[in-house]
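Enquirer:
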Amino acid sequence: MDSGRQLIFIFLLSIFSVSILSAQEKVTLSGYIKNEADGEALIGATVFIEELGTGTAANIYGFYSITLPSGTYTIQYRYVSFSTQVKTIELIENQRLDVELVTESKQLDEIVVTSEALDANVSDVEMSVEKLDIKTIEKIPAFLGEVDVLKSIQLLPGVSSVGEGSSGFNVRGGSVGQNLVLLDDAPVYNSSHLFGFFSVFNPDAVKDIKLIKGGIPANYGGRLSSILDVRMKEGNSKERSISGGIGTVFSRLAVQGPLKKDKSSFFVAGRRSYIDILAKPFTNDATLFFYDLTTKVNYDFNDNNKLYLSGYFGRDVFRFDERQGFDWGNVTGTLRWNHLFNDRLFSNFAFIVSSFDYGFSFGENDLDKFDWNSRIVTYTFKPYFNYFLNTNNELLIGGEATYYKFRPAEAVGVSDGQVSDISLDNKFALESAVYIDNTQKLSDKITLRYGLRFSSFQYMGPGNVYEFQATSPGERKELISANKVNGRESIKTYYNLEPRASLRYKVGNGSVKASYTRTAQYIHLVSNTAAPTPIDLWTPSTNNVEPQLGDQYALGYFRNFGGGNSFETSIEGYYRDNKKQVEYVRGADIFINEYLEGDLISGDGRAYGVEFSIKKNAGNLNGWISYTLGRSELKTDGINNNEWYPTRYDQTHNLKLFGEYQLTKRTSLSANFTYITGAPITAPTSRFTIQGVTIPYDYFNQRNNLRIPATHRLDIGLKWLPGKPGKERRVDDYFVFSVYNIYGNKNPFSIFFSQDQGRVVMGDQVNTLANQFSIIGAPVPAISYNFVF
Amino acid sequence: MKKYIIAIIAIVVFTACEETVQLDLKESESVVIIDGLVSDQFKNQYVKVSRSIDFYAEGTSKAITNATVSVTDGATTYNYIHNPTLDSDNDGVYFSTVPFSGEVGKTYQLTVQVDGTNYTAEDNLYPVTAIDSLTVIVNEDEFDEPERKNYFYEILFYAHEPQETKDFYLFKFYRNDTLVLDSPTDIYFSNDDLLAEEINGIPTASFYKLGDIGKVEMYSISNAGFIYYNDLINLLQSDGGMFGSPPVNPRTNIEGGALGFFQASSVVSESIKVEE
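Just so you know, the protein sequences line up as chains B and H, in that order. Here our numbering is used: position 314 in the first sequence is 314, and no number is missing along the way. Residues are numbered in our numbering as their position in the second sequence, beginning at 1, plus a constant of 1000.
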């Protein structure tokens, strides 16, 4: 606590000192930076003051503010793939200047050339951050031709998944449950459709994607490994537009337009898969489909007040027949109010609801059946203040309070008309945090970002409080007592101070960056399988399950080469030390287990690695190479003979190549190649026969002791814009032809062990086999058609 | 189940495939495997002793024929003798020199000595509820099964489950005295969490034709036995931990470094002939 107090002191001191410095005659230039074509705010667009050689960037709502000594300035407004706008302004008093930038691709027909040197990757204090714009994502050859945000993110350094068809993604050796996925500020508790083949984000509705792998600013928290911040489009405030696509798996349609010109706009986008319809002849009554709807409305009351309402509704349905099957889905809703207190103080107040649920139904009639539902619902309030103190300091101050309701199981079994209710009690919790964060330019060479987050978690009633006693390490804990708590009283409270710091130091044409992040995670994704599935369970920290704590250190060198910074390169190293990472006792039972807490144990984790990245942004040929060398390990008392063992998502080599070549004005070719070291599995060394069955077992009693073969794959795509050169088409449209896994590699999804025949009499020869299961064992071609009009 | 679902998507949409692969597995030493049962039926009770072999090793599990085996209930000690009938099927199987029946409420202790190493285990013998009756029904879904013509009779099982006690059961089903399974890796066992007091016609494994005799055996097992069978089934039906939990070695009640299980059970059985 002492070091925390010290930190606060230093923090306040540095803020006061800058306030004193800023006491001279100064004026503020502020406003919104938007896209001229559709009125969408341009997140992170930069404002550069030529005379001072300094500038600022627009925040996530497109708002910028810069405070300068009064005078005449030449100001450049820049944004990637937009024409830079230069304005000369005589700044005598505070001035509001909203700017609209024009996209370059308008004139150049999809060939993106940036006229100005944009070296954000070198000059920003941010490190370990990956951004992908939708234009790039659309060019990556996708599985079944369907563009996907999460799959594209996996082509970037430090990001992977455990296999084709697994939900979620892993960042820098972290588990899927250690990523915070935000959609317009709302947490998304399961980011997958169709068991992970697609993500819940409709690319039509996505405006901006940012993945923070390290150096996490203090305004984010609650997960150890990464933050994926996805922002939805606000809707075209200039004119109505309809876009969509027809593909092999699903069709998409999006409608957007002004409700009141330049004041209010809306956006509605929907998707529906139709494999079930195509597969009807083969599957009888079975059906499998998903749909989602993304909507947003916003309203500008005046220059200082804006309101945004956004919602997401998605569902996957899988049925064997009319009565049996299961389904799952997310619902999120966000209401945001942007308020400008003055030219320098921007605020946002967000009210968020998010829910994820799944349900199972089995049984052919009402007399013999089994129904199970599980749900997590959260309500969040987030006030956020962005204070543009002066040219050298930008402050973020805010808080977050989330009320959790966990419903682990509402389950009923009916056997021959007799009902047994095996539902579990709900669990409640309150997670809250306050933070302060400052980005400070010390000199041309040095920028610092530092912050402090104070978080707390209250596990509260009503509910059951269990006490367990450890038997032997790695084995199920024994229940000692169970007490009922009826009121909303606190059962167990945890507090954590989470300091964050990043530094950028310019060296020649490049920069060195370093960061330290401490994060606390209070809710845990309980999943005893390697491939995360929709039925994984979120569970709170309790008196028995402690919060996870992570410390990440990262160091990187960033350097751009070539005219217009056409080559961006970086190398980053990271080391993360985790405490109290959730593990499972031997034979843990995580489904409908009242005493789940007795099956959860915690261990230490560590993950470290180096990421290399080279990007080429300009010219007819562009793309990137990313390579990660990494390790991710756990050490848990009672497991693997108390020695470090690899996690199921430990992948030593992770190589991704993506290239796109503009063949003609209307045709472009793209390809991506993936190579990932096989995931570790627990493999047997021996076998024995007992009661007629042959059992494989591991003599050394290790965990994750063998690697399955590596995964590698090449995908290619061709994008073609129909029409004749020089002739304006009424519709902006294009076709995408793609082949996924072109050389038909059988990438292992899992390996399991079996005997090569049924029961055996002792004395008979029986062999045990290892079997490899591949989900995709052949090239998968696809075609899709996309349009905007 | 989850794997089945993925497999369905995979088959419907594209080409999934499964193939046998050769893995580079470590070599290991062998371990003693013990499998024994004391039931409440009056007979020569058995204990099997063998050795494990490498996963890819050629040949059969190795029977141990020179062990010393005895079981005690605290008052009486029963000595076991290796394969007294010299039946080659019973290689590695030891039988009690005298027939005896286990008694409900008693704890049985096993001692096995192999090459100077002692292995011990104990299990409690719990009561088992009676089987009220069996009935035969026709399952019309089975009419069209081309491979198993005429096998469309199913046997249902009725019993009263005592609700005041926490009970664990193991089931074995026989058709004309041959053990039957729906799938070769099945083991049928249950706790009573989902069993109501009236067990009214739970279907048993496999299907029968006219004239067959179906038999159901129900064993009481201890909590340790339930855990053991649960571990076995997890290993037998493991998908490598992709959707199920990762494989772990089965837990055992045997101390001294051997694997397997020593079980004490009450057994009830009921038979029915399949007729029109």
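Yeah, the Cβ is synthetic: ideal placement off N, Cα and C, and Gly gets one too. This structure is a prediction, so every number in the text was calculated from the model and none was measured.
(1) When you compare the CB positions of Arg1251 (chain H) and Ile1227 (chain H), do they come within less than 8 Å of one another, or not?
(2) For a test of the three-state rule: what should DSSP assign to Leu132 (chain B), helix, strand or coil?
(3) Rounded to whole angstroms, how far is the Cβ of Gly598 (chain B) from the Cβ of Leu497 (chain B), which I believe are closer than 8 Å?
(4) Report the rounded CA-to-CA distance for Pro258 (chain B) versus Thr74 (chain B), giving the unit in angstroms.
(5) Output the distance between the C-alpha atoms of Leu21 (chain B) and Leu395 (chain B), rounded to the nearest integer angstrom.
(6) Here's the rule I'm using: 16 or more other beta-carbon atoms within 10 Å means buried, otherwise exposed. How should Glu568 (chain B) be labelled?
(7) Decide if Pro1246 (chain H) is buried, meaning its Cβ has at least 16 other Cβ atoms within 10 Å, or exposed.
(8) Is the separation between the beta-carbon of Asp98 (chain B) and that of Lys139 (chain B) shorter than 8 Å?
(9) Would you call the segment 467 to 481 of chain B in contact with the segment 82 to 92 of chain B, where contact means no fewer than 3 C-beta pairs closer than 8 Å?
(10) For Gln521 (chain B), is the classification buried or exposed, using 16 other Cβ atoms within 10 angstroms of its Cβ as the cut-off for buried?
(11) By a C-beta neighbour count over all protein chains shown, 10 Å radius and 16 as the cutoff for buried, is Asp357 (chain B) buried or exposed?
(12) May I have the straight-line CA-CA distance separating Asn593 (chain B) from Tyr675 (chain B), to the nearest angstrom?
(13) Three-state secondary structure (DSSP) at Ser1222 (chain H)?
(14) Is it buried or exposed for Gln1022 (chain H), if we count other Cβ within 10 angstroms and need 16 for buried?
(15) Taking DSSP as the reference, what is the three-state secondary structure of Tyr459 (chain B)?
(16) Would Thr529 (chain B) count as contacting chain H if we go by Cβ distances under 8 Å?
(17) Mind checking if Ala142 (chain B) is an interface residue toward chain H, Cβ cutoff 8 Å exclusive?
(18) Could you work out which residue in B:Ala710, B:Ser191, B:Pro779 is closest to Pro792 (chain B) when comparing CA atoms only?
(19) When DSSP labels each residue in this structure, what does Val788 (chain B) get in the three-state scheme?
(20) Cutting at 7 Å between CB atoms, please list the residues of its own chain near Ser1271 (chain H), excluding the five before and the five after it.
(21) I'd like to know whether the C-beta of Gln469 (chain B) is nearer than 8 Å to at least one C-beta of chain H.
(22) Look at the alpha carbon of Tyr661 (chain B) and the alpha carbon of Ser670 (chain B), and state the distance between them as a whole number of angstroms.
(23) Taking its Cβ as the centre, do 16 or more other Cβ atoms sit within 10 Å of Leu1210 (chain H), making it buried, or is it exposed?
(24) I want to verify the contact list: residues of chain H whose CB lies under 8 Å from the CB of Asn771 (chain B), in sequence order.
(25) Starting from Thr1185 (chain H), find everything on chain B with Cβ-Cβ shorter than 7 Å and list it in chain order.
(26) Decide if the segment 536 to 549 of chain B is in contact with the segment 455 to 472 of chain B; the criterion is three or more beta carbon pairs, one per stretch, under 8 Å apart.
(27) What residues in the segment 1250 to 1273 of chain H bring their beta carbon closer than 9 Å to a beta carbon of chain B?
(28) Should Gly1201 (chain H) be flagged as near chain B, meaning a C-beta pair shorter than 8 Å?
(29) So for Ile137 (chain B), helix, strand or coil by DSSP?
(30) Measure the alpha-carbon distance for Ala433 (chain B) versus Ser264 (chain B) and round it to whole angstroms.
(31) For Asn1138 (chain H), which residues of its own chain have a beta-carbon under 8 Å away from its beta-carbon, when the five flanking residues on both sides are left out?
(32) Tell me Ile590 (chain B)'s beta-bridge partners as DSSP assigns them.
(33) Do Ala1159 (chain H) and Asp1186 (chain H) have their CB atoms nearer than 8 Å?
(34) Ends of the alpha helix (DSSP H) at Ile153 (chain B)?
(35) Should Leu211 (chain B) and Ser225 (chain B) be called a contact, given that it needs their Cβ atoms to be closer than 8 Å?
(36) How is the beta strand (DSSP E) around Ala120 (chain B) delimited, first residue to last?
Expert: Put simply:
(1) Yes, they are a contact pair.
(2) Strand at Leu132 (chain B).
(3) Contact flag wrong, Cβ pair sits at about 30 Å.
(4) Approximately 33 Å, taken between the alpha carbons.
(5) A caution first: Leu21 (chain B) carries a pLDDT of 47, below 50, which makes its placement in the model too unreliable to give a value.
(6) Glu568 (chain B) should be labelled buried.
(7) Answer is buried; the Cβ neighbour count reaches 16.
(8) The answer is no: Cβ separation not under 8 Å.
(9) Contact fails between the segment 467 to 481 of chain B and the segment 82 to 92 of chain B, because fewer than three Cβ pairs, one in each stretch, are under 8 Å apart.
(10) Using a 10 angstroms sphere on the CB of Gln521 (chain B), the tally of other CB atoms reaches 16 or more, which defines it as buried.
(11) Using a 10 angstroms sphere on the CB of Asp357 (chain B), the tally of other CB atoms reaches 16 or more, which defines it as buried.
(12) Each residue's Cα considered, the two are about 39 Å apart.
(13) In the structure shown, Ser1222 (chain H) adopts coil according to DSSP, grouped into three states.
(14) So Gln1022 (chain H) counts as exposed.
(15) Note: Tyr459 (chain B) maps to strand in three-state DSSP.
(16) So yes, Thr529 (chain B) belongs to the interface.
(17) No - not a single Cβ of chain H is within 8 Å of the one on Ala142 (chain B).
(18) Because chain B in this structure spans residues 1 to 789, residue 792 (chain B) falls outside the shown range and cannot be described.
(19) Reduced to three states, the DSSP call for Val788 (chain B) is strand.
(20) If we look at Ser1271 (chain H) and ignore the five residues flanking it on each side, its Cβ neighbours are Ile1213, Gly1214, Lys1215.
(21) No - not a single Cβ of chain H is within 8 Å of the one on Gln469 (chain B).
(22) A direct Cα-Cα distance of roughly 6 Å separates Tyr661 (chain B) from Ser670 (chain B).
(23) Result: exposed.
(24) Neighbours of Asn771 (chain B) on chain H, chain order: Glu1018, Glu1019, Thr1020, Val1021.
(25) Those within 7 Å of Thr1185 (chain H) in chain B are Val693.
(26) Contact between the segment 536 to 549 of chain B and the segment 455 to 472 of chain B is present, because at least three Cβ pairs lie under 8 Å.
(27) Cβ contacts with chain B come from Pro1250, Arg1251, Leu1259, Gly1260, Phe1261.
(28) Taking Cβ atoms only, chain B reaches closer than 8 Å to Gly1201 (chain H), which makes this a yes.
(29) Ile137 (chain B): helix per DSSP, three-state reduction.
(30) Between Ala433 (chain B) and Ser264 (chain B), the C-alpha separation is close to 33 Å.
(31) With the sequence shown as reference, residue 1138 (chain H) is identified as Val, and Asn is not the correct amino acid for it. Counting only Cβ-Cβ distances below 8 Å, and skipping sequence neighbours, we find Phe1152, Tyr1153, Glu1154.
(32) For Ile590 (chain B), no pairing in a beta bridge is given by DSSP.
(33) No, these two residues do not count as a Cβ contact at 8 Å.
(34) From DSSP, the alpha helix (DSSP H) with Ile153 (chain B) extends over 149 to 153.
(35) The criterion of a C-beta distance shorter than 8 Å is not satisfied by Leu211 (chain B) and Ser225 (chain B).
(36) Ala120 (chain B) -> not in any beta strand (DSSP E); alpha helix (DSSP H) instead, spanning 120 to 123.
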